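A short write-up of the structure that comes next.
There are 2 protein chains.
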Amino acid sequence: MATASTSSPPSVDTIDTSYLETLLGYNARRAALSIIEVFLQDMAQYDLRPVEFSVTSLITHNPGITSRQICTALGLLPPNLVGLLNALEKRGLIERKPHPSDGRAVGLHPTPACASMMQAAEKTAAQVEVQASGKLTTAERKTLLRLLQKVYR
Amino acid sequence: MATASTSSPPSVDTIDTSYLETLLGYNARRAALSIIEVFLQDMAQYDLRPVEFSVTSLITHNPGITSRQICTALGLLPPNLVGLLNALEKRGLIERKPHPSDGRAVGLHPTPACASMMQAAEKTAAQVEVQASGKLTTAERKTLLRLLQKVYR
DNA sequence: TATTGTTATACTCTATAACTATA
DNA sequence: TATAGTTATAGAGTATAACAATA
Numbered sequence: 040m041a042t043a044s045t046s047s048p049p050s051v052d053t054i055d056t057s058y059l060e061t062l063l064g065y066n067a068r069r070a071a072l073s074i075i076e077v078f079l080q081d082m083a084q085y086d087l088r089p090v091e092f093s094v095t096s097l098i099t100h101n102p103g104i105t106s107r108q109i110c111t112a113l114g115l116l117p118p119n120l121v122g123l124l125n126a127l128e129k130r131g132l133i134e135r136k137p138h139p140s141d142g143r144a145v146g147l148h149p150t151p152a153c154a155s156m157m158q159a160a161e162k163t164a165a166q167v168e169v170q171a172s173g174k175l176t177t178a179e180r181k182t183l184l185r186l187l188q189k190v191y192r
Numbered sequence: 040m041a042t043a044s045t046s047s048p049p050s051v052d053t054i055d056t057s058y059l060e061t062l063l064g065y066n067a068r069r070a071a072l073s074i075i076e077v078f079l080q081d082m083a084q085y086d087l088r089p090v091e092f093s094v095t096s097l098i099t100h101n102p103g104i105t106s107r108q109i110c111t112a113l114g115l116l117p118p119n120l121v122g123l124l125n126a127l128e129k130r131g132l133i134e135r136k137p138h139p140s141d142g143r144a145v146g147l148h149p150t151p152a153c154a155s156m157m158q159a160a161e162k163t164a165a166q167v168e169v170q171a172s173g174k175l176t177t178a179e180r181k182t183l184l185r186l187l188q189k190v191y192r
């Protein structure tokens, strides 16, 4: 017999990941990590990690946005945004101004330095897209975006 | 004029996330987090988080797999797997046996308890799929899986 | 009474260097 | 010399509780 009761335990030569590959969560996580890897490399020149880029981009496209609004839009928790915003302010990328109608809130505004950096950073982000979805056709990339949004919206 | 030089800073009523939504990384991350949220809820009954589930599943489907092989397959770092495997062993879900041909390596094997738990857990994982991709048709879900794999493979 | 922003803090996840034993 | 597994440790990311100021 090939497998006697006294035989040594089996070893694995080719890893079977076929089951995990049927799961949406597994594939979404692997794809996200793969894209983020490219993002980290290409965005290192601006010292912007994914969440920092998202926050800075949101402030750039929504001048006067509040901390709370950013948290809602990006699914962040308020305490975790404080340090990030302090760092962006210290780097001269954003300014905190009083909110026009709510004394509790603080409006977040991009500085000119932020605007010019983001103009370059968004060009780099476009390159990340090309790299990350290099194996996809334009139509496939468009379909993928649509389906991902359908999942989380 | 609507915006005089002395006007107060603007506030934002509707947050514009349209730019971020054009980015693959942003959407992949949001989708992955949304699916993981469902996964965490449904898998809490087994005390299995995403990576623990993936590791346990891999060991179940690949008896005798080594720590290094799991790291390669899942993109984990060896030091971060040690504690996880110790915990699974302590819970009586896996066993470490000597590798049949490599004295440095350790073969990882599922216990009967692991096998029966995973049979139930994989049924729950199927329910997670239904919940997480509830807004997608069967064809769309299949397409999404294929495109995600094309990105990270 | 509820909300914004904040502090303090803890927990998880991820990353690097260095050791041991075996190949 | 290189690799498998491990230890120790540091850093990043994420979580809850509680507070002051304002609504």
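These protein sequence lines map, in sequence, to chains A and B.
The first sequence runs 40 to 192 under my numbering.
The second sequence runs 40 to 192 under my numbering.
Just so it is clear, CB atoms sit at the ideal spot from N, CA and C, and this is done for glycine as well.
None of the values given here were measured: they were computed from a predicted structure.
Residue i CB to nearest chain A CB: under 9 Å?
i	result
glutamine 166 of chain B	no
serine 207 of chain B	Since the first residue shown for chain B is 40 and the last is 192, residue 207 of chain B is missing from the structure and cannot be characterised.
tyrosine 191 of chain B	yes
threonine 150 of chain B	no
threonine 163 of chain B	no
I want to see whether chain B comes within less than 9 Å of residue i, judged by CB atoms only; does it?
i	result
leucine 116 of chain A	no
arginine 130 of chain A	no
asparagine 119 of chain A	no
serine 106 of chain A	no
glutamine 84 of chain A	no
Sorted by chain position, which residues of the same chain lie with C-beta nearer than 7 Å to residue i's C-beta, five sequence neighbours on each side aside?
i	result
proline 49 of chain A	none
aspartate 81 of chain B	Thr163, Gln166 and Val167
asparagine 76 of chain A	Per the sequence shown, the amino acid found at residue 76 of chain A is glutamate instead of asparagine. If we look at glutamate 76 of chain A and ignore the five residues flanking it on each side, it has no Cβ neighbours.
methionine 40 of chain B	Legend: pLDDT at methionine 40 of chain B = 39, less than 50; position of this residue unreliable, no value from coordinates given.
proline 102 of chain A	His148 and Pro149
alanine 182 of chain B	Correcting the residue identity first, residue 182 of chain B is threonine in this sequence and not alanine. Excluding residues within five positions, none has a Cβ falling inside 7 Å.
glutamine 158 of chain B	none
tyrosine 65 of chain B	Leu59
serine 172 of chain A	Arg180
isoleucine 74 of chain A	Ala171
phenylalanine 92 of chain B	Met82 and Ala160
How would you write the range of the beta strand (DSSP E) that residue i sits in, first residue to last?
i	result
glutamate 134 of chain B	133-137
valine 145 of chain B	145-149
By alpha-carbon positions, which one of the options ends up nearest to residue i?
i	options	result
glycine 114 of chain A	A:Val90, A:Thr182, A:Thr163 and A:Arg130	A:Val90
threonine 111 of chain B	A:Val190, A:Thr177 and A:Asp55	A:Asp55
glycine 131 of chain B	B:His100, B:Cys153 and B:Gly122	B:Cys153
threonine 53 of chain B	A:Leu72, A:Arg185, A:His100 and A:Thr176	A:His100
arginine 185 of chain B	A:Gln188, A:Lys174, A:Tyr191 and A:Val169	A:Lys174
By Cβ distance, which residues of its chain are closer than 8 Å to residue i, with the 5 residues on each side in sequence left out?
i	result
valine 145 of chain A	Thr105, Ser106, Arg135, Lys136, Pro137 and His138
isoleucine 109 of chain B	Val94, Leu97, Ile98, Leu115, Leu120 and Leu147
What are the boundary residues of the alpha helix (DSSP H) that includes residue i?
i	result
aspartate 55 of chain B	Aspartate 55 of chain B -> no alpha helix (DSSP H), and no H or E assigned at all.
aspartate 81 of chain A	63-82
lysine 174 of chain B	Careful: lysine 174 of chain B lies outside any alpha helix (DSSP H) and carries neither H nor E.
glycine 122 of chain A	117-129
### Task
Scan the segment 66-78 of chain A for residues whose Cβ lies nearer than 9 Å to a Cβ of chain B and list them as they occur along the chain.
Asn66, Ala67, Arg68, Arg69, Ala70, Ala71, Leu72, Ser73, Ile74, Ile75, Val77 and Phe78
### Against chain A: residues of the segment 170-184 of chain B by CB proximity under 8 Å
Ala171, Ser172, Lys174, Leu175, Glu179, Arg180, Thr182, Leu183 and Leu184
### Query
In the segment 48-60 of chain B, which residues sit with their C-beta less than 7 Å from some C-beta in chain A, listed in chain order?
Pro48, Pro49, Ser50, Val51, Ile54, Asp55, Thr56, Tyr58, Leu59 and Glu60
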